[in-house]
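Data block below; observations after.
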Amino acid sequence: MSIKLGFVVSEFNRDLTIQMETLGKEHAAFLGASVEKILYVPGVFDMPLAVKKLAEDTGIDAVVTIGCVIQGATKHDEIVIQHASRKIADLALENNKPITLGISGPGMSRLDAHERVDYAKRAVEAAVKMVRMLKD
Numbered sequence: 049m050s051i052k053l054g055f056v057v058s059e060f061n062r063d064l065t066i067q068m069e070t071l072g073k074e075h076a077a078f079l080g081a082s083v084e085k086i087l088y089v090p091g092v093f094d095m096p097l098a099v100k101k102l103a104e105d106t107g108i109d110a111v112v113t114i115g116c117v118i119q120g121a122t123k124h125d126e127i128v129i130q131h132a133s134r135k136i137a138d139l140a141l142e143n144n145k146p147i148t149l150g151i152s153g154p155g156m157s158r159l160d161a162h163e164r165v166d167y168a169k170r171a172v173e174a175a176v177k178m179v180r181m182l183k184d
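Residue numbers for the sequence shown follow the numbering used here, beginning at 49 and rising by one.
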């Protein structure tokens with residue numbers, strides 16, 4: 049069974065998310081899954097609508113979110129990740145489809161973000177495992 053993934057990728061901090069996207073694609077192929085669709089959104093906060101679109105697509109088995117939220121001078125990063133991750137979890141339940149969190153942050157510096165680009169690989173692996181578990 050070939051697992052079909054959809055990616056939702058944040059364009060904010062693109063120098064980091066392009067690395068995450070590449071690692072995610074490579075890991076999907078390694079696991080025998082295919083990335084069928086990729087939707088790009090301005091930032092992590094903007095992900096839920098794109099996630100919903102892919103979650104409703106019958107040709108997609110699981111959705112992987114990819115992004116990074118870097119700490120600024122305010123607590124904005126905490127608000128962004130809290131609200132986005134909550135809605136993403138809600139969408140998984142509403143659509144009965146795995147939606148994984150490949151978003152690093154909050155409270156991290158740009159250096160921390162570089163060290164955490166592998167979050168995308170973890171999210172791809174979780175998506176593949178969840179699809180397999182739910183199909184059994």
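Think of the CB as a built atom: it goes at the ideal place given N, C-alpha and C, for glycine as much as any other residue.
- Less than 7 angstroms divides the Cβ of Ala168 from the Cβ of Gly150.
- In this structure, DSSP gives Phe60 a state outside helix and strand, which the three-state scheme calls coil.
- Ranked by Cα distance from Lys177, the first of Leu71, Gly107, His75, Val57 is His75.
- In this structure, Ile114 sits away from Thr70, with a CB-CB distance that is not shorter than 7 angstroms.
- Between the region 157-166 and the region 123-130, the count of C-beta pairs closer than 8 angstroms stays below three; the two stretches do not touch.
- Ranked by how close their Cα comes to the Cα of Ala81, the residues Leu87, Phe55, Glu104 have Phe55 in first place.
- Of Pro154, Arg158, Pro146, the smallest CA-CA separation from Met181 is found for Pro146.
- Ala121 counts as exposed, since fewer than 16 other beta carbons sit within 10 angstroms of its beta carbon.
- Between the C-alpha atoms of Tyr88 and Val57 there is a straight-line separation of about 5 angstroms.
- Ser157 sits in coil when the DSSP states are folded into three classes, being neither helix nor strand.
- In this chain, the alpha helix (DSSP H) harbouring Glu126 covers 124-143.
- Within its own chain, the residues whose Cβ lies closer than 8 angstroms to the Cβ of Gly72, once the five positions on either side in sequence are excluded, are Phe55, Val83, Val112, Ile114, Gly150, Ala168, Lys169, Ala171, Val172, listed in chain order.
- Minimum Cα-Cα distance from Met95 among the listed residues Ala77, Ser50, Gln119, Thr148 corresponds to Thr148.
- From the listed residues Met68, Ser157, Asn61, Ser50, the smallest Cα separation to Asp166 is found for Met68.
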